[in-house]
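The sequence shown maps to residues 1 to 334 in UniProt numbering.
To keep things clear, I will list the structure first and then write my remarks on it.
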Amino acid sequence: MKRNKLDSLILLRAIAVIAVCFCHFGYPLYAENAYNDLFVFFYDYGKYGVQIFFVVSGFVIPLSLYMGRYSIEYYFRFLLKRLLRLHPPYLAALALTLLISFFSYKIRGINYPETVESIIASLFYFHFPDDNPVFWTLAVEAEYYLFIGLLYTIIVKLPRTYILVFTPILILIGQSQLIDYILFFSYIVYFLIGIIGFMIYTNQGSKILNTIALISLLPLTYVVYGATEALVASVTIGFILGYQGSIGKLPNFIGEISYSFYLIHFPLGIKFINLLNPYFSPVNKWILFLLTILVTTLLAWIFYRTFEKPFAKLSTKIKYTFSTSSHPVLEPET
């Protein structure tokens, strides 16, 4: 795999996490300040960073399986690898969120909304504390892993069947009542776009058929989700497949810590803004905004070094085969 392809994925993760941060940090600052329109823009469009993450995951997870020479017999090993890679940092972020929110409610004299039952449910992605709303996307990702580990063999062994049979079936499921029970199906089109992008990139089956399928999914995204969502999905997969450049040190750094950044930015960043907001005049709200980004980035780096990187390194020790390969095996992030 070419290094610049890795760079394109890292850059997209950096863009996605910054967009989501801009959305969340812009919301508490947009009222009554000199930069109201700018913060409203951040809030309205930063949320589409989530769609970027979904398309990237649709592409990069099967690509990592491809580079790792995965087969269906290693399904549970794949799940263990993903669990080890992503769950420990999530648990640390969950503990941090609950701790911050507990003291926040206690100081204000408000009853703490979380219960023992809700906290236990949060451990398994069945409940998401209000003080960290991004956690719901991890449930979508976890459900995606359950499906892609099973579908991957069909994708690479019977690509034409996957395109002509399984893709339409999955799209129909995404419009059924199953979305009330399995959150992943509500966003399945984004993942399908990424998966077909992977098929085009690795020459799985007919490139013409795959391209037609990909192009067909883009107007479907418009019908199901909306114009902006379709544009974001189109630009994301186009960038993944077409980007040939490299990236600088800062985007590489943000992309590298993007999962940690994503996990902790809301409870830490919002509390930071709430504490300092009264001390900044309307004309200086942008200073608080930038300061929050800088402080949260530093804390995300510490979190990454402490909780994410050690488990990411440990997860790479889980292999799908015992044969050696000169290809780098990707360790994709949420």
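Every residue, glycine too, gets a C-beta built ideally from N, C-alpha and C.
This one's a predicted model, so the numbers in the text were calculated from it and none came from an experiment.
query                                                                                                                                                                : result
Looking at the structure shown, is I273 part of a helix, part of a strand, or coil, going by DSSP?                                                                   : helix
Classify F78: buried if its beta carbon has 16 or more other beta carbons within 10 angstroms, exposed otherwise.                                                    : buried
Do you know offhand how far E73's Cα is from N210's?                                                                                                                 : 27 angstroms
Taking the beta carbon of L99 as the centre, do at least 16 other beta carbons fall within 10 Å, making it buried, or is it exposed?                                 : exposed
Excluding five sequence neighbours on each side, which residues of the same chain lie with their C-beta closer than 6 angstroms to the C-beta of I15?                : none
How many Å lie between G49 and V17 at the Cα?                                                                                                                        : 6 angstroms
Enumerated in chain order, which unbroken segments of the beta strand (DSSP E) with a length of 3 residues or greater are wholly contained in the region 105 to 181? : none
Around the C-beta of Y112, are 16 or more other C-beta atoms found within 10 angstroms, so that it is buried, or is it exposed?                                      : exposed
Residue range of the alpha helix (DSSP H) that L290 falls in?                                                                                                        : 285 to 303
What residue range is occupied by the uninterrupted alpha helix (DSSP H) comprising G226?                                                                            : From DSSP, G226 is part of no alpha helix (DSSP H); its letter is neither H nor E.
Check whether the Cβ atoms of I169 and Y162 sit closer than 8 angstroms, and answer yes or no.                                                                       : no
Looking only at C-alpha atoms, which of T115, A93, G109 sits nearest to F303?                                                                                        : A93
For S57, report the span of its alpha helix (DSSP H) as first-last.                                                                                                  : 49 to 67
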